[in-house]
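Working notes for the structure below.
2 protein chains.
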Amino acid sequence: MTQMDDTRKQILHAAVERILHYGYSKTTMAEIAKDCNMSAGNIYRFFASKLDIAEAMARKFNEEAYETFARIADKKVSAADRMREIFHYELTRTYSAIADEAKILEVAEVLADERPLYMNEKLAKERTYLVQIMRDGMEAGEFRQIANPEEVAEMWQSALMKFRFPQLFSKLTLPKLQREIDGVMDLLLAGMSPGATQPAVWEGLPEAVDPHCVPGVEVVMKKHLNADD
Amino acid sequence: MTQMDDTRKQILHAAVERILHYGYSKTTMAEIAKDCNMSAGNIYRFFASKLDIAEAMARKFNEEAYETFARIADKKVSAADRMREIFHYELTRTYSAIADEAKILEVAEVLADERPLYMNEKLAKERTYLVQIMRDGMEAGEFRQIANPEEVAEMWQSALMKFRFPQLFSKLTLPKLQREIDGVMDLLLAGMSPGATQPAVWEGLPEAVDPHCVPGVEVVMKKHLNADD
DNA sequence: ACGCTGAACAATATATTGAACGTTCAGCAA
DNA sequence: TTGCTGAACGTTCAATATATTGTTCAGCGT
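Structure, rendered in structure tokens:
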């Protein structure tokens, strides 16, 4: 049904055009429809909601990243450098995208708010590449043996969370962010080096039972958290 | 001038009482004043602003933490366990405080918003203890030699940022947060183990010049960022 | 002099209202 | 039947007016 697909693409194209120029909240379904010479109601035969248009926009934006991840993961350089390049690439890519097209930030914010599962999906997809690189590194003797690469990949993502939407989390400049992300990755990589010894299991406090258990979804707050130098 | 100090304490006490019950924005200077049998104007002889009362409240709350940090740093257990305990303690402490007194969250939010430098000060103070423990660990041969402990301490804080105000950043339960923070710390500690080799300096992309440079202050956003099964 | 009040002021928050918006769907057209 | 429209609905948004609040300070009492 290429007719349907074409119309979808047309709508998405018109929406991206407007959203990049006026922002997500300032572009209306009626305007997108007018750009496509159709009624607002008709858009709903192609997208279930305005949010779905934003998600499609993000998917398009991220496809490029997945391709790059795949290319980086297959590079013939050290696994450490590939790990670094993945996160460096993603940091620079999102930072510049937002710097160039400031209105993208609003889309990211809305999606982070309303589509947490999509964010999750993206993290999961990224992890497959991290795991692949880690296995390579283990095989090559560059990394120590890691029992649970999938879990360690999650820890990398956790430790590097604040670099994921640079302008949402901090007002640091790109060079500063790059130096900081490198610093963290230096430690993480050292922790995976062959000589590194996994620390003894820590007998922490007894696991507290949490009465305020809202399963599943992470939430992130807005505005200043700390300052720098 | 103990008279002055007493009045300050009285005001702070009344403010804390009200803020814990009604929240920061819902308690007015006039109400605090009435509780102290004085006029609102008089409060300003003891606190420069309402925000300063919130900051004093946080300082009081955090003093307890610094004492604990000092006690942990001097413990006769492995440096690794001390590092872990510092962050574990802080995570549990802030998590429970907010779980018990939900209104504290608003104070944290306001301060993070309006007093970034105070947050910074807190991080700097925490780092002195981290550095002390790291030096201990190096001396004991438990950690590898680290050229710049102050910088590595910053990287720890960066990697563990999301655990600092647990309920602001995520809706994960405390047990889940604890498992995740332990996972990240496992990696960081392995990276400081004597056998760990610091990765070769990474020749990253040429340092991009950032036109959107807002020096100094970090900003953090609100709401959902990702989800977790 | 000193400590404090309470009126006054500017800034912020709250309430209200009308318009605009996302979304649905009965019905028209092909 | 199928594809689409445009009116209708409930919600959200923006603008305005109103009230509260944080903050200041002239002046009063001690």
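Same order as they appear, the protein sequences are chains C and R.
Read in order, the letters of the first sequence correspond to residues 2 to 230 in our numbering.
Read in order, the letters of the second sequence correspond to residues 2 to 230 in our numbering.
Cβ coordinates follow ideal geometry from the N, Cα and C atoms, glycine included.
- According to the DSSP assignment, residue 126 (chain R) belongs to the alpha helix (DSSP H) that extends over 117–140.
- Along the stretch 188–204 of chain R, the positions whose C-beta sits under 8 Å from a C-beta of chain C are 188, 189, 190, 191, 192, 193, 194, 195, 196, 197, 198, 199, 200, 201, 203, read in chain order.
- Judged by beta-carbon spacing, residue 201 (chain C) lies beyond the 9 Å limit of residue 109 (chain R), meaning their Cβ atoms are not closer than that value.
- Chain R has no Cβ within less than 9 Å of the Cβ of residue 24 (chain C).
- Shown here for residue 11 (chain R): same chain residues with a beta carbon closer than 7 Å to its own, the five before and five after excluded, namely 37 in chain order.
- Around residue 181 (chain R), the beta-carbon contacts reaching into chain C at under 7 Å are 159.
- Taking a beta-carbon distance threshold of 9 Å, residue 58 (chain R) does not count as an interface residue toward chain C.
- Annotated three-state conformation of residue 17 (chain R) is helix, per DSSP.
- Residues of the same chain with a CB within less than 7 Å of the CB of residue 126 (chain C), apart from the 5 flanking positions on each side, are 67 in chain order.
- In this structure, the alpha-carbon of residue 182 (chain C) lies about 12 Å from that of residue 84 (chain C).
- The DSSP-derived three-state label of residue 159 (chain R) is helix.
- Between residue 132 (chain C) and chain R, the shortest Cβ-Cβ separation is not below 9 Å.
- Here the C-alpha atom of residue 137 (chain R) lies approximately 24 Å from the C-alpha atom of residue 63 (chain R).
- Closer than 9 Å to the CB of residue 18 (chain R) there is not a single CB belonging to chain C.
- For secondary structure counted as the beta strand (DSSP E) over 3 or more consecutive residues, the stretch 43–85 of chain R holds no complete run.
- The three-state secondary structure of residue 144 (chain C), taken from DSSP, is coil.
- For residue 184 (chain C), the closest Cβ of chain R is nearer than 9 Å.
- Within the same chain, Cβ atoms closer than 8 Å to the Cβ of residue 56 (chain R) are found at 112, 116, 119, the five residues on either side in sequence being excluded.
- Remark: C-beta atoms of residue 184 (chain R) and residue 107 (chain C) do not approach each other more closely than 9 Å.
- At a Cβ-Cβ threshold of 9 Å, residue 90 (chain C) and residue 167 (chain C) do not count as neighbours.
- Selection C:54, C:46, C:98, C:60 evaluated against residue 29 (chain C) yields C:54 as nearest (Cα-Cα).
- In this chain, the alpha helix (DSSP H) harbouring residue 176 (chain R) covers 175–191.
- The three-state secondary structure of residue 198 (chain R), taken from DSSP, is coil.
- At least one beta carbon of chain C lies nearer than 9 Å to the beta carbon of residue 153 (chain R).
- Within the same chain, and ignoring the five residues on either side of residue 33 (chain C) in sequence, the residues whose Cβ sits closer than 7 Å to its Cβ are 12, 15, 16, 19, 44.
- When only Cα atoms are considered, residue 4 (chain R) and residue 47 (chain R) end up about 11 Å apart.
- Only residues of its own chain outside the window of five on either side were considered, and among them 98, 99 have a CB closer than 6 Å to the CB of residue 105 (chain R), listed in chain order.
- In the DSSP assignment, residue 27 (chain C) falls outside any alpha helix (DSSP H) and carries neither an H nor an E.
- Distance from the CA of residue 41 (chain C) to the CA of residue 31 (chain C), rounded to the nearest whole angstrom, comes to 5 Å.
- Spanning the alpha carbons of residue 154 (chain C) and residue 123 (chain C) requires a straight line of approximately 13 Å.
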